[in-house]
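Student:
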Amino acid sequence: MVTTANDMADSMRPISLFYATVLLLALSLTTSLVASAQSALNYTGYIEAEYTYLAPSTSGRLQALSVQAGDPVVAQQTLFSLDQEAQQIAVKQVQAQLKQAQANLEDLQTGARPDEIKSLQAQLNQAKATLNLSATEKTRWSKLAERGNASQSQKEQAVLAWQIAQANVNNLQASLHLAQLGAREQQITRAKAAVDAAQANLQLAQWQLTQRTLQSPLNGRVEQVFHRLGEYVSANTPVLALITPQQLKVKFYVPEQQLSHLRVGEPIQVHWDGADSPLIGKIRFISAIAEFTPPIIFSQNSRQKLVYLVEAQLINSELRPGQAVDITLTKKPRP
């Protein structure tokens, strides 16, 4: 059997068409993979936390500690307290000073006591009786002296006694009037100021007492405990560190040539070992200062590169501070 060139060409056409189709599909898949790779940016980063540190405003000995590291807490939950004996004594002392100031003000506003007023009134009545008697004696001795039956000296003594009795009545009337009026306005003003000062001191002492017990300002978890029961805690020294899922952030570093693809507010995907689906975050900070790649994320390809720090806020994350993660960012064309 003789095979011609035309016959051989006809037999090769299906094979050539098959390889051409395979090559076309391979090129299409390669182009798709390259485009997909070019449309996503991948980075390595880690989780960092912004802790809330709780510290007393005054010094003291740690008297009660109701939580441990890892315990969940809710807002307004009591966490720890310092010794309170000195502050409780101060509150009682100021309360006594306030009562004393209030009693003094009430005494000045009401004037003299009823018994004192009654005594002054009785003295005044007696003085008036004496005045009436001395007035009668003055009249009698004056007439006798005019008739020559009494000396001028006797008359003058009677007039002097009447004058003394009149002055005594005037003095007692003034004393009774002042007793019924009460204290002077300036004295009452000073007494009111003393009451106000005592009330302010009481509020301060009560506030200082409440500062010996600290409550949680948020819902979260106790991350660290820095002191034990019985230890002395200095003022403004943290006793606990709290953390919430909203205080977690992811930090990663981006080469300079890729900065143009990042914007504050853009979403990112965060992956980690064992996760079924990524977490969603949002870029909140892009540093303006270049630095060398930190040792924590060194690699052979990035060791000598200058990079820029990027921080992203996580939403409802259960990750732990220091945990390594992978970040994926969709590359978008920029105008």
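Using this note's numbering, read the sequence shown as starting at 2 and increasing by one per residue.
We put the beta carbon where it would ideally sit given N, CA and C, even for glycine.
#1: With respect to the beta strand (DSSP E) encompassing THR294, which residues constitute its N-terminal and C-terminal limits?
#2: Per the contact definition of three or more C-beta pairs closer than 8 Å, is the segment 52-66 in contact with the segment 79-98?
#3: Which first and last residues belong to the alpha helix (DSSP H) in which LYS119 is found?
#4: Going by Cα to Cα distance, which pick from PRO279, ASN172, ARG222, THR137 is closest to GLN248?
#5: In whole angstroms, what is the alpha-carbon distance linking LEU260 and THR331?
#6: Who are the Cβ neighbours of THR245 in its own chain at under 7 Å, not counting the five residues just before and after it?
#7: If you draw a straight line from the alpha carbon of ASP277 to that of ALA236, how long is it in whole angstroms?
#8: Bridge partners of ALA325, per DSSP?
#9: Taking 7 Å as the limit between beta carbons, can you name the residues of its chain near VAL255, skipping five residues before and five after?
#10: Using only CA atoms, which one of PHE253, ILE287, ILE284 lies nearest to THR294?
#11: Just reading off the alpha helix (DSSP H) that GLN68 is part of, what are its end residues?
#12: Is any non-hydrogen atom of the ligand GDP found closer than 6 Å to the C-beta of THR131, if you look at the structure I gave you?
#13: Assign LEU179 to buried or exposed, taking buried as 16 or more other Cβ atoms, counted over all protein chains shown, within 10 Å of its Cβ.
#14: For ASN105, I'd like the list of residues in its chain whose CB is within less than 6 Å of its CB, leaving aside the five on either flank, ordered along the chain.
#15: Leaving aside the five residues before and after ALA41 along the sequence, list all residues of the same chain whose C-beta is less than 8 Å from its C-beta, in chain order.
#16: If you compare alpha carbons, which of GLU232, GLN207, GLN314, ILE269 is closest to ILE90?
#17: ALA242 and ASN258 - do their beta-carbons sit closer together than 7 Å?
#18: In three-state terms, what does DSSP make of ALA151?
#19: Could you say if the segment 92-110 and the segment 273-289 meet the contact criterion of at least three C-beta pairs nearer than 8 Å?
#20: Measuring alpha carbon to alpha carbon, tell me which residue in GLN158, THR131, VAL68, LYS119 is nearest SER143.
#21: Rounded to the nearest angstrom, how far is the Cβ of LEU177 from that of GLN122, given a contact under 8 Å?
#22: State the Cα-Cα distance for the pair GLN301 and GLY266, rounded to the nearest angstrom.
#23: Output the distance between the C-alpha atoms of VAL251 and LEU315, rounded to the nearest integer angstrom.
#24: Taking just the CA atoms, how far does SER288 sit from PRO279?
#25: Quick one, which of ALA162, LEU109, ASP116 has its alpha-carbon nearest GLN187's?
#26: Roughly how many angstroms separate the alpha carbons of ASN171 and GLY149, rounded to a whole number?
#27: Tell me which same chain residues have a C-beta within less than 6 Å of the C-beta of PRO73, skipping the five on either side of it?
#28: Less than 7 Å between the beta carbons of ALA162 and LEU132, yes or no?
#29: Between which two residues does the beta strand (DSSP E) harbouring ALA242 extend?
#30: With burial defined as no fewer than 16 other Cβ atoms inside 10 Å of the residue's Cβ, what is the status of ILE290: buried or exposed?
#31: TYR254 bridges to which residues according to DSSP?
#32: So the candidates are VAL234, LYS283, PRO268; which of them puts its Cα closest to the Cα of ASP84?
#33: Exposed or buried, what is VAL75 when buried is set at 16 or more other beta-carbons lying within 10 Å of its beta-carbon?
#34: Who are ILE316's beta bridge partners in DSSP?
Tutor: Concretely, from the data shown:
#1: Here the question's residue 294 lines up with position 293 in the sequence shown. Counting along the chain, THR294 falls outside any beta strand (DSSP E), and DSSP gives it neither H nor E.
#2: yes
#3: Position 118 of the sequence shown, counted from the start, is the residue given in the question as residue 119. LYS119 -> alpha helix (DSSP H) spans 115-148.
#4: Within the sequence shown, residue 248 is the residue found at index 247, counting from 1. Nearest C-alpha to GLN248: ARG222.
#5: As a working note, residue 260 is residue 259 in the sequence shown. As a working note, residue 331 is residue 330 in the sequence shown. The alpha-carbon atoms of LEU260 and THR331 are separated by roughly 13 Å.
#6: Translated into positions along the sequence shown, residue 245 becomes position 244. The answer, listed in chain order, is LEU219, ASN220, GLY221.
#7: By one-based count along the sequence shown, residue 277 stands at place 276. By one-based count along the sequence shown, residue 236 stands at place 235. ASP277 and ALA236 have their C-alpha atoms spaced approximately 46 Å apart.
#8: The residue given as residue 325 occupies position 324 in the sequence shown. Residue pairing by DSSP puts ALA325 in a beta bridge opposite TYR47.
#9: Along the sequence shown, one-based indexing puts residue 255 at 254. Cβ within range, chain order: TYR44, LEU263, VAL308, TYR309, VAL311.
#10: Mapped onto the sequence shown, residue 294 falls at position 293. It is PHE253 whose Cα lies nearest to the Cα of THR294.
#11: On the sequence shown, residue 68 is found 67 positions in, with the first residue counted as 1. It is worth fixing the name first, because residue 68 is Val in this sequence and not Gln. First-last for VAL68: undefined, no H or E at that position.
#12: The ligand GDP is absent from the structure shown, which contains no ligand whatsoever.
#13: As a first step, residue 179 must be located in the sequence shown, where it is residue number 178. LEU179 should be labelled exposed.
#14: Looking up residue 105 in the sequence shown gives position 104. Excluding residues within five positions, the ones whose Cβ falls inside 6 Å are ALA192.
#15: As a first step, residue 41 is located in the sequence shown; it is residue number 40 there, counting from the start. In chain order, THR329, LEU330, THR331, LYS332 place their CB closer than 8 Å to the CB of ALA41, counting only its own chain and leaving out the 5 sequence neighbours on each side.
#16: As a position in the sequence shown, residue 90 is number 89, starting the count at 1. Measuring from the Cα of ILE90, the nearest candidate turns out to be GLN207.
#17: Locating residue 258 in the sequence shown gives position 257, counting from the first residue. Locating residue 242 in the sequence shown gives position 241, counting from the first residue. Rather than Asn, the amino acid found at residue 258 in this sequence is Gln. No, the pair does not count as a contact, with Cβ atoms beyond the cut-off.
#18: Counted from its first residue, the sequence shown places residue 151 at position 150. Residue state, collapsed to three classes: coil.
#19: No: the two stretches stay apart, fewer than three of their Cβ pairs being nearer than 8 Å.
#20: If you number the sequence shown from 1, residue 143 lands on position 142. Selected option, being the one with the closest Cα: GLN158.
#21: Locating residue 177 in the sequence shown gives position 176, where the first residue counts as 1. Locating residue 122 in the sequence shown gives position 121, where the first residue counts as 1. Rounded to whole angstroms, the Cβ separation of LEU177 and GLN122 is 6 Å, and the two are in contact under 8 Å.
#22: For the purposes of this step, residue 301 is identified with residue 300 of the sequence shown, where counting begins at 1. For the purposes of this step, residue 266 is identified with residue 265 of the sequence shown, where counting begins at 1. At GLN301, the pLDDT of 49 sits below 50, so the modelled position is not reliable; the number obtained from the coordinates is stated separately. Roughly 31 Å between the two C-alpha positions.
#23: Against the sequence shown, residue 251 aligns to sequence position 250. Against the sequence shown, residue 315 aligns to sequence position 314. If you take the alpha carbons of VAL251 and LEU315, they lie about 7 Å apart.
#24: Numbered from its first residue, the sequence shown carries residue 279 at position 278. Numbered from its first residue, the sequence shown carries residue 288 at position 287. For PRO279 and SER288, the distance between alpha carbons rounds to 25 Å.
#25: Here residue 187 refers to the residue found at position 186 of the sequence shown. Cα-wise, what sits closest to GLN187 is LEU109.
#26: Position 170 of the sequence shown holds residue 171. Position 148 of the sequence shown holds residue 149. Whole-angstrom Cα-Cα distance: 33 Å.
#27: Walking along the sequence shown from the start, residue 73 turns up at place 72. Closer than 6 Å at the Cβ level, and outside the excluded window around PRO73, lie ARG222.
#28: Locating residue 162 in the sequence shown gives position 161, where the first residue counts as 1. Locating residue 132 in the sequence shown gives position 131, where the first residue counts as 1. No, the Cβ-Cβ distance between ALA162 and LEU132 is not below 7 Å.
#29: Position 241 of the sequence shown, counted from the first residue, corresponds to residue 242. Run containing ALA242: 241-244, per the beta strand (DSSP E) assignment.
#30: Mapped onto the sequence shown, residue 290 falls at position 289. By the 10 Å Cβ count, ILE290 comes out exposed.
#31: Along the sequence shown, one-based indexing puts residue 254 at 253. In the DSSP output, where bridge partners are listed per residue, TYR254 has LEU310.
#32: The residue labelled residue 84 in the question sits at position 83 within the sequence shown. Nearest C-alpha to ASP84: VAL234.
#33: Within the sequence shown, numbered from 1, the residue matching residue 75 stands at position 74. VAL75 comes out exposed.
#34: On the sequence shown, position 315 is the one that residue 316 refers to. In the DSSP output, where bridge partners are listed per residue, ILE316 has none listed.
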